[in-house]
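Under our numbering, the first residue of the sequence shown carries the number 62, and numbering increases by one thereafter.
Glycine included, C-beta positions come from ideal geometry on N, C-alpha and C.
Note that the coordinates shown come from a computational prediction; the quantities given were computed from them, not determined experimentally.
These notes concern the structure reproduced below.
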Amino acid sequence: RMSDDFEGLVETSNNMAIMKSESGEINIKCLMRSSVDTAKEDLAEMMKSVFDLAGAKTEFSGGYPGWKPNMKSPILKTMQDVYKNMTGETPEIKAIHAGLECGILGSHYPNWDMISFGPTIRFPHSPDEKVDIASVEKFWDYLLETLKNIPTK
62 RMSDDFEGLV
72 ETSNNMAIMK
82 SESGEINIKC
92 LMRSSVDTAK
102 EDLAEMMKSV
112 FDLAGAKTEF
122 SGGYPGWKPN
132 MKSPILKTMQ
142 DVYKNMTGET
152 PEIKAIHAGL
162 ECGILGSHYP
172 NWDMISFGPT
182 IRFPHSPDEK
192 VDIASVEKFW
202 DYLLETLKNI
212 PTK
């Protein structure tokens with residue numbers, strides 16, 4: 062399912078990651094992701110219904126909560142201003158279809174204002190994963206400057 066809020070962004074997906082046939086059984090392990098928890102739950106129930114029709118046993122485990130970015134976030138505005146002041150450039154703001162720590166933290170602290178940002182990473186979660194070292198220093202300096210500019214309450 063594509064996002065209604067972010068053009069071109071996947072909101073909910075399913076990856077049939079591992080399929081094995083052993084001892085007369087077929088085992089299928091899937092990874093479902095969504096920025097909207099109810100959409101992920103709906104997809105899981107839909108898939109369970111299909112497997113139930115085939116007489117299969119279905120188990121769910123290891124899920125993690127989704128996180129929907131708030132494009133009106135005060136910390137996002139602060140970080141946009143800090144980035145512009147540091148670089149003279151407008152930062153690129155985008156949402157991605159991935160599991161982020163913001164989902165886990167947001168499930169425990171739903172009123173937190175948060176964003177996810179970081180250095181340039183290529184081929185994440187693969188043997189070819191690489192980080193652009195120069196971008197690490199840039200983002201460290203950016204984080205420190207942001208912390209100096211967070212308004213007090």
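Nearest-angstrom beta carbon gap, residue j and residue i [assumed within contact, 8 Å]
| i | j | result |
| --- | --- | --- |
| Met147 | Tyr203 | 7 Å |
Same chain, Cβ closer than 6 Å to residue i, five either side skipped, listed in chain order
| i | result |
| --- | --- |
| Pro152 | Gln141, Tyr144 |
| Lys81 | Asn88 |
| Ser122 | none |
Cβ neighbours of residue i in the same chain (closer than 8 Å, five flanking residues each side left out)
| i | result |
| --- | --- |
| Leu161 | Trp128, Ser177 |
| Gly167 | Pro126, Trp128, Trp173, Met175 |
| Ser64 | Leu70, Val71, Glu72, Ser96, Ala156 |
| Tyr200 | Rather than Tyr, the amino acid found at residue 200 in this sequence is Phe. Cβ within range, chain order: Phe178, Gly179, Pro180. |
Endpoints, alpha helix (DSSP H) assigned at residue i
| i | result |
| --- | --- |
| Thr70 | For clarity, residue 70 is Leu in the given sequence; the question names Thr instead. Leu70 -> no alpha helix (DSSP H), and no H or E assigned at all. |
| Ser168 | 162–169 |
| Glu206 | 194–210 |
| Phe184 | No alpha helix (DSSP H) contains Phe184, which DSSP labels as neither H nor E. |
| Asp60 | Outside the displayed span of the chain (62 to 214) sits residue 60, for which this structure offers no information. |
| Thr119 | Run containing Thr119: none; DSSP gives neither H nor E here. |
Between the CA atoms of residue j and residue i - distance to the nearest angstrom
| i | j | result |
| --- | --- | --- |
| Asp189 | Gly164 | 26 Å |
| Lys118 | Pro185 | 32 Å |
| Gly69 | Asn76 | 19 Å |
| Pro212 | Val111 | 51 Å |
Closest Cα partner of residue i within the set the options
| i | options | result |
| --- | --- | --- |
| Ser74 | Ser95, Asn88, Ile89 | Ser95 |
| Phe67 | Val192, Leu114, Val97 | Val97 |
| Ala195 | Ile182, Glu206, Leu205, Ser187 | Ile182 |
| Met93 | Glu83, Met108, Met80 | Met108 |
| Glu86 | Ala78, Val111, Ala115 | Ala115 |
| Lys101 | Pro135, Ile79, Arg62, Leu137 | Arg62 |
| Cys2 | Asp113, Leu104, Val197 | Nothing in the structure corresponds to residue 2, since the chain is present only between 62 and 214. |
For residue i, the first and last residue of its enclosing beta strand (DSSP E)
| i | result |
| --- | --- |
| Ile87 | 86–95 |
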